[in-house]
Amino acid sequence: MDCYFRSRKRRRSYTGRRAHGRRRVPRAATARMERIWENGVIPYEVSANFSGEHYALFRRAMNHWENYTCLSFVPRKPEDTNYIVFTIADCGCCSFVGKRGEGPQAISIGKNCDKFGIVVHELGHVVGFWHEHTRPDRDQFVDIYYKNIQQGQDYNFEKLKSSEVNSLAQPYDFASIMHYARDTFARAMYLDTILPKPDPISRERPEIGQRIRLSPGDIIQTNSLYKCAKCGQTFLSQKGTLSSPDFDVKPRNGDYYVCQWRINAPQGHHIQLNITFLVLPESPGCTGEDRLEIRDGHSVKSPLVGRHCGRLAEPLLIASVSNRLWIEYRGMSDDWPKKNGFKDKKKRRGYSASYEMICGGKISADSGVIENPNYPYEYSPESDCLWLLTVPEEYQVAVIFTTFQLEQHEDCIYDYLEFRDGHDEDSKLIGRFCGYSLPNNIKSTENKMRVRFVSDASVEKPGFSFKFIKEFDECKTSNHGCQHKCVNTLGGYRCECDIGYELHMDGRSCEDACGGYLKGENGSLMSPNFPNLYPNKKRCVWEIKAHSQYRIFLNFTHFDLEGVLTNCEYDYVKVTSVRLDGTPVKVHGQFCGRIAPQFLLTSETSHLRIEFTTDSSVQKSGFAAIYFTDRDECEVNNGGCEQICKNMIGSYVCECESGFVLATDGHHCKEGGGCKFELNAASGQLTSPSFPDDYPNDKECTWHFVTTPGHRLQLVFTEFEIEPHQDCAYDRVELYDGPSAEAPSLGRYCGPKPPEKMLSSRNELSMVFHSDSSVQRKVCGGVLRADRTVGYVYSHAMYGGSNYENRLACEWAIIATDDMSVEIQFTNFELEEEVHCEYDYVEVYDGDIDAAPRLGRFCGNKVPHPYISSGNTLRVRFRADDTVTAKGFVFEYFLTDPVEGDIYTEPPGPYTRPPLEPVINEKANKIMSGTQSN
Numbered sequence: 001m002d003c004y005f006r007s008r009k010r011r012r013s014y015t016g017r018r019a020h021g022r023r024r025v026p027r028a029a030t031a032r033m034e035r036i037w038e039n040g041v042i043p044y045e046v047s048a049n050f051s052g053e054h055y056a057l058f059r060r061a062m063n064h065w066e067n068y069t070c071l072s073f074v075p076r077k078p079e080d081t082n083y084i085v086f087t088i089a090d091c092g093c094c095s096f097v098g099k100r101g102e103g104p105q106a107i108s109i110g111k112n113c114d115k116f117g118i119v120v121h122e123l124g125h126v127v128g129f130w131h132e133h134t135r136p137d138r139d140q141f142v143d144i145y146y147k148n149i150q151q152g153q154d155y156n157f158e159k160l161k162s163s164e165v166n167s168l169a170q171p172y173d174f175a176s177i178m179h180y181a182r183d184t185f186a187r188a189m190y191l192d193t194i195l196p197k198p199d200p201i202s203r204e205r206p207e208i209g210q211r212i213r214l215s216p217g218d219i220i221q222t223n224s225l226y227k228c229a230k231c232g233q234t235f236l237s238q239k240g241t242l243s244s245p246d247f248d249v250k251p252r253n254g255d256y257y258v259c260q261w262r263i264n265a266p267q268g269h270h271i272q273l274n275i276t277f278l279v280l281p282e283s284p285g286c287t288g289e290d291r292l293e294i295r296d297g298h299s300v301k302s303p304l305v306g307r308h309c310g311r312l313a314e315p316l317l318i319a320s321v322s323n324r325l326w327i328e329y330r331g332m333s334d335d336w337p338k339k340n341g342f343k344d345k346k347k348r349r350g351y352s353a354s355y356e357m358i359c360g361g362k363i364s365a366d367s368g369v370i371e372n373p374n375y376p377y378e379y380s381p382e383s384d385c386l387w388l389l390t391v392p393e394e395y396q397v398a399v400i401f402t403t404f405q406l407e408q409h410e411d412c413i414y415d416y417l418e419f420r421d422g423h424d425e426d427s428k429l430i431g432r433f434c435g436y437s438l439p440n441n442i443k444s445t446e447n448k449m450r451v452r453f454v455s456d457a458s459v460e461k462p463g464f465s466f467k468f469i470k471e472f473d474e475c476k477t478s479n480h481g482c483q484h485k486c487v488n489t490l491g492g493y494r495c496e497c498d499i500g501y502e503l504h505m506d507g508r509s510c511e512d513a514c515g516g517y518l519k520g521e522n523g524s525l526m527s528p529n530f531p532n533l534y535p536n537k538k539r540c541v542w543e544i545k546a547h548s549q550y551r552i553f554l555n556f557t558h559f560d561l562e563g564v565l566t567n568c569e570y571d572y573v574k575v576t577s578v579r580l581d582g583t584p585v586k587v588h589g590q591f592c593g594r595i596a597p598q599f600l601l602t603s604e605t606s607h608l609r610i611e612f613t614t615d616s617s618v619q620k621s622g623f624a625a626i627y628f629t630d631r632d633e634c635e636v637n638n639g640g641c642e643q644i645c646k647n648m649i650g651s652y653v654c655e656c657e658s659g660f661v662l663a664t665d666g667h668h669c670k671e672g673g674g675c676k677f678e679l680n681a682a683s684g685q686l687t688s689p690s691f692p693d694d695y696p697n698d699k700e701c702t703w704h705f706v707t708t709p710g711h712r713l714q715l716v717f718t719e720f721e722i723e724p725h726q727d728c729a730y731d732r733v734e735l736y737d738g739p740s741a742e743a744p745s746l747g748r749y750c751g752p753k754p755p756e757k758m759l760s761s762r763n764e765l766s767m768v769f770h771s772d773s774s775v776q777r778k779v780c781g782g783v784l785r786a787d788r789t790v791g792y793v794y795s796h797a798m799y800g801g802s803n804y805e806n807r808l809a810c811e812w813a814i815i816a817t818d819d820m821s822v823e824i825q826f827t828n829f830e831l832e833e834e835v836h837c838e839y840d841y842v843e844v845y846d847g848d849i850d851a852a853p854r855l856g857r858f859c860g861n862k863v864p865h866p867y868i869s870s871g872n873t874l875r876v877r878f879r880a881d882d883t884v885t886a887k888g889f890v891f892e893y894f895l896t897d898p899v900e901g902d903i904y905t906e907p908p909g910p911y912t913r914p915p916l917e918p919v920i921n922e923k924a925n926k927i928m929s930g931t932q933s934n
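According to full-length UniProt numbering, the sequence shown holds residues 1 to 934 in order.
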């Protein structure tokens, strides 16, 4: 659920249950000025229960607001008393409107809320915006259908008072990211709760409910609400230029400019500003009306770097300490340079500058954050950044990773992040990381650490973000109190015992325990007291050690522990493959309940660790297991397998990576799997994955067509139905006039309408099919072959279970042999009723060409009579508009003898549709999409 909070006593309001497919919207600003964030600066924190991917998503959403307005979202500092906290609350997606002013305030991003547009929407509440349909004047623009609203949710559609909302003289904006979707809080997915009034001329309703981007109206209203300077902007790119509006422009006497620029670099960067031109009237301390002011930070309250006026004799280079710069220009536009004898042919005034974000540097602090260039977006190619970190003496540098995704390579030779234990280039290597796995926390042995990030010129990935802190190693002291082992942890330490012992309740002493080392080629193990009840507060650890190049197979013969498999937090058995030094390689699972793992556990190494842990309450009979060892043929030369070798008991098998299939020799792999195709035949056919069934979620397929040089390629879509969206943001087909997606685009397509014929300009053409994680579509229609057996056609896949969908465009061509005819008979028929069948209808054509005569157009619930083709083909077309739906239809088709005489056809002439009248939507429409803005 999406909601906003009101300060006066009333129920919470939830909004944006869905934003199905259609995308446009408005907003209404708070009228209470105490809710405005001072200087447009909004401090934030992100709760630890979010992943690194969530953190990057939140940053991208905040950047979106910064890019178009004068707002600044900054990491919260101890002196910030009012700030937002990204968290997960019971309300799902919700936020207080504006600044609450009572300390931290939540912005909840719950389940299904972690989408870019939804986060941007929730930040809109933080900024100070209500939903547009709550404006006092909303009845002029939208209709509310209260009978379609879920019980108990009517209050979400109440109008606000003028004392609460200030629209700042802006019109109702159907494109705002803050607007409800048309089926928000509907009793059923196909019902409308709010509809825009039709345009008086076109009779079309504006689309509402988008969660893609800020609308132009959102931007105008934000800049008005926060009294942003009329000129200037926020820079997020790595380098750029900026200048005053009167620079290199003929001045107009009397214009007074106040412009503000903000340059925001990723954390761990600084900014170099190069002022190349400055001509302004001088004043004592440059405090007059004409000046250029630069501050090291995000606002007018940040530390002053300098004020500048007069004439700049040579370029001035300024380097920030923080990762942000705030620049303000004030100037009266006139012919002042000429009057004061400045010999500039262009008679210029004002200033001009360039900037560049620089990664790396020396950082001395207790803690901080470091991010790759261009974070939270893909890092820049050919980057080489070096950070030298220093924390106070007697501490170590500890690194905690937030996000990590670099180009993968076995030896990390392309893109990598490297850590060394000290500042020198030859200091001991702590680790070099690449790929997609989040590295474990690392730390130095002294108070210094060297960090280097390198990327090559090719592949870019989302990059990294990590936090460094000062860490004290309590285990180096003599007073930690651990009897056996002291293990330092970030922010503390813990005591551990040798195998065969367990930790006493005092947390420091060790005593005899269950578990131990098992070295036989086969054997067994069981829980304490088995088959009687196991004790409470017990932790047992067994380590099975096999010979090198052997693997261990573990089979549970009895299993009865507290809990259920989906929630093993009380009593459990954890099985882990470990290296010789005890570091984990793979966790095979954490098991509990009464059902033993229904498979044979196979170790990844020659060492297997089994941990049994119980809490202080329920006791069960425990577990028993047997194990045996087997030589791993994959250990030597990968078993002779080209790609993947999988060890089996007494043997092994070879497997292939995605995009490849196993060759007949059982060891080598060849192309042919996956969803990437190279096509070089003169002609052919292709389909979407799983056609004619629903295409799968989260699928991306590419086709590369190549023909003889000097020839071109033509692509014709015969059937097409992809999840609709005005920008095709969810599922889509994209075409490129060349060998890859880097070539010029020929278009992006979705919805039910097939694209026009595509003709390449050269001998190569590329196509990409992408589906997201929500709605799948299956094309309707097709070519059917009639024979003596009766065939059936249903209007939609869920016939009998639900109404057909909106915006359908289906066509069936039913073909008989050359000397026979086709007969169809409708057995069930129920479409939207309309006197001219202009909205939803079925048409029957005598033939399979565009000029074929139409035998009839039908709607309502009257079953059409049978039809027989004069040739060997009948064509049936089904269309549904975007409002009312119904049960649908079924017809039979089969082969029949040709008829003698003429076939009746309708007289020529178009249907005429009567003028639309406003109606309350009884059945409403179902907008097909899977995007939730709840």
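Beta carbons are placed, not taken as given, at the ideal position from N, Cα and C, and that holds for glycine.
| Check | Outcome |
| --- | --- |
| Reduced DSSP secondary structure (H/G/I, E/B, other) of arginine 138 | helix |
| Arginine 60, enclosing alpha helix (DSSP H) - first and last residue | 52-68 |
| Cβ-based neighbour list, phenylalanine 116, same chain, cut-off 7 Å, excluding 5 preceding and 5 following | Leu57, Arg60 and Ala61 |
| Simplified DSSP assignment, three categories, for proline 392 | coil |
| Neighbour-count burial assignment, tyrosine 911, 16 or more Cβ in a 10 Å radius | Its pLDDT being 36, under 50, tyrosine 911 is placed unreliably by the model, and the measurement read from it follows with that caveat. Tyrosine 911 comes out exposed. |
| Histidine 547, buried or exposed, once every other Cβ within 10 Å from all chains shown has been counted against 16 | exposed |
| Own chain, CB closer than 7 Å to histidine 480, minus 5 neighbours either side, in chain order | Glu474, Cys486 and Tyr493 |
| Stretch-stretch touch, CB-based, cutoff 8 Å, three pairs: the stretch 117-127 with the stretch 91-107 | yes |
| Complete alpha helix (DSSP H) runs within the stretch 191-260 (minimum length 4 residues, chain order) | 216-225 |
| Alpha-carbon spacing of serine 163 relative to leucine 325, whole angstroms | 37 Å |
| Assigned secondary structure, asparagine 921 (DSSP; H/G/I helix, E/B strand, else coil) | For asparagine 921, the predicted structure reports a pLDDT of 29, less than 50, and the residue's modelled location is therefore unreliable. The matter cannot be settled from this model. |
| Whole-angstrom distance between isoleucine 626 and leucine 525, CA atom to CA atom | 6 Å |
| Segment limits, beta strand (DSSP E) that includes glycine 117 | That residue, glycine 117, is in no beta strand (DSSP E); its alpha helix (DSSP H) goes 116-127. |
| Inter-residue CB distance, cysteine 654 and histidine 667 (contact presumed, cutoff 8 Å) | 5 Å |
| DSSP-derived helix/strand/coil call for methionine 33 | helix |
| Euclidean distance between Cα positions of isoleucine 144 and serine 176 | 18 Å |
| C-alpha gap between isoleucine 722 and valine 41, whole angstroms | 42 Å |
| Length of the line joining the Cα atoms of serine 37 and glutamate 371 | The sequence given here has tryptophan at residue 37, not serine. So the two alpha carbons sit approximately 27 Å from each other. |
| Between the CA atoms of arginine 579 and glutamate 410 - distance to the nearest angstrom | 19 Å |
| Any alpha helix (DSSP H) of 4 or more consecutive residues that is wholly inside the UniProt domain "CUB" (799-896) | none |
| Classification of histidine 269 by the beta-carbon crowding that lies within 10 angstroms, buried from 16 upward | buried |
| Expected contact under 8 Å - CB spacing of valine 573 and phenylalanine 623 to nearest Å | 6 Å |
| Given 8 Å, three or more beta-carbon pairs between the stretch 149-161 and the stretch 102-115 | no |
| Span separating the alpha-carbon of leucine 662 from that of leucine 679 | 21 Å |
| Sequence ranges, beta strand (DSSP E) only - wholly within the UniProt domain "CUB" (359-471), length at least 3 | 361-364, 367-371, 384-390, 396-405, 416-420, 429-433, 448-454 and 463-471 |
| Cβ neighbour criterion (16 or more within 10 Å) applied to aspartate 192 | buried |
| Assigned exposure category for tyrosine 190 - 16 Cβ within 10 Å defines buried | buried |
| Residues bridged to lysine 699 (per DSSP) | Beta-bridge pairing links lysine 699 to no other residue. |
| Classification of arginine 785 by the beta-carbon crowding that lies within 10 angstroms, buried from 16 upward | exposed |
| Counterpart residues of lysine 485 in DSSP-defined beta bridges | Glu496 |
| Integer Cβ distance of threonine 287 from threonine 69, believed to fall under 8 Å | With 8 Å as the limit, threonine 287 and threonine 69 do not qualify as a contact, their Cβ atoms being about 28 Å apart. |
| Inter-residue Cα distance where the pair is phenylalanine 247 and isoleucine 271 | 23 Å |
| Range of the contiguous beta strand (DSSP E) that encloses threonine 605 | Run containing threonine 605: none; DSSP gives neither H nor E here. |
| Runs of beta strand (DSSP E) lying entirely within the UniProt domain "CUB" (675-790), each at least 3 residues, in chain order | 676-679, 700-706, 732-736, 745-749, 764-770 and 782-785 |
| Simplified DSSP state of cysteine 669, which is helix, strand or coil | strand |
| Simplified DSSP state of leucine 273, which is helix, strand or coil | strand |
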